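Okay, structure first, notes after.
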Amino acid sequence: MLAATVPAHAESIAISISGAGSASSASVSESIEASSHGSSKARDVVAGDYRVVEIAEAPGRPGTLRLALEPLDAAAGRAFVLYLPPEAGAAAALAAGDVVRAREHDYGYEFQRADTRQPFFLALHDDWQQQLAPRAVLL
Numbered sequence: 002m003l004a005a006t007v008p009a010h011a012e013s014i015a016i017s018i019s020g021a022g023s024a025s026s027a028s029v030s031e032s033i034e035a036s037s038h039g040s041s042k043a044r045d046v047v048a049g050d051y052r053v054v055e056i057a058e059a060p061g062r063p064g065t066l067r068l069a070l071e072p073l074d075a076a077a078g079r080a081f082v083l084y085l086p087p088e089a090g091a092a093a094a095l096a097a098g099d100v101v102r103a104r105e106h107d108y109g110y111e112f113q114r115a116d117t118r119q120p121f122f123l124a125l126h127d128d129w130q131q132q133l134a135p136r137a138v139l140l
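Residue numbering for the sequence shown follows my numbering, starting at 2 and increasing by one per position.
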């Protein structure tokens, strides 16, 4: 009965998350940052393949990995930084030089290893993330 009160798009993203195996998720505004130049907006991220340039602990963000990503096709995208939980990076067994595929969806961006196509992280648009946030239920 509770599921009937969940908005339809939040329900579909929950299904997508469960279908992504060990993928974890966070909001786009917390997860994606433009690389040094230009806007810090996630709109700079486009679907495509990106090479992992560096993996490190995120400065000032304990318990968070920082992945520096550069597009394989410089004309098709911009470099950006992806912040994710260490468990997501470990599950994907990412290393510098690996290729990550970004796929755009209505709900945000899905990140997967390009070689296995196994999703490991979902960056959800903020409104979607808010709808999925846990809420206390009063009975």
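Idealized CB from N, CA, C, for every residue including glycine.
In this text, all values refer to a predicted model and were calculated from it rather than measured experimentally.
- D127 sits in a helix when the DSSP states are folded into three classes.
- P87 carries a helical assignment under DSSP once its states are collapsed to helix, strand and coil.
- Rounded to whole angstroms, the gap between the alpha carbons of V47 and V138 is 37 Å.
- Here P120 is buried, its C-beta having at least 16 other C-beta atoms within 10 Å.
- If you draw a straight line from the Cα of L123 to the Cα of V101, it comes to about 13 Å.
- Beyond the five residues adjoining it in sequence on each side, A76 comes within less than 7 Å, by CB distance, of no other residue in the same chain.
- Nearest to L66 by alpha-carbon distance, out of E105, A91, D74, H126, is A91.
- Look at A59 here: in three-state DSSP terms it is coil, with no helix or strand label.
- Remark: C-beta atoms of Y108 and L125 approach each other more closely than 9 Å.
- Secondary structure note for V46: it is in no beta strand (DSSP E), with a DSSP letter that is neither H nor E.
- Taking the CA atoms as reference points, L70 sits about 14 Å from A59.
- In this structure, A96 keeps its C-beta atom at 9 Å or more from the C-beta atom of I33.
- Boundaries for V101: no alpha helix (DSSP H) harbours it, while the beta strand (DSSP E) harbouring it runs 100 to 106, taken from the DSSP string.
- Excluding its 5 nearest sequence neighbours in each direction, A115 has C-beta neighbours in its own chain below 7 Å: D50, V100, V101, R102, listed in chain order.
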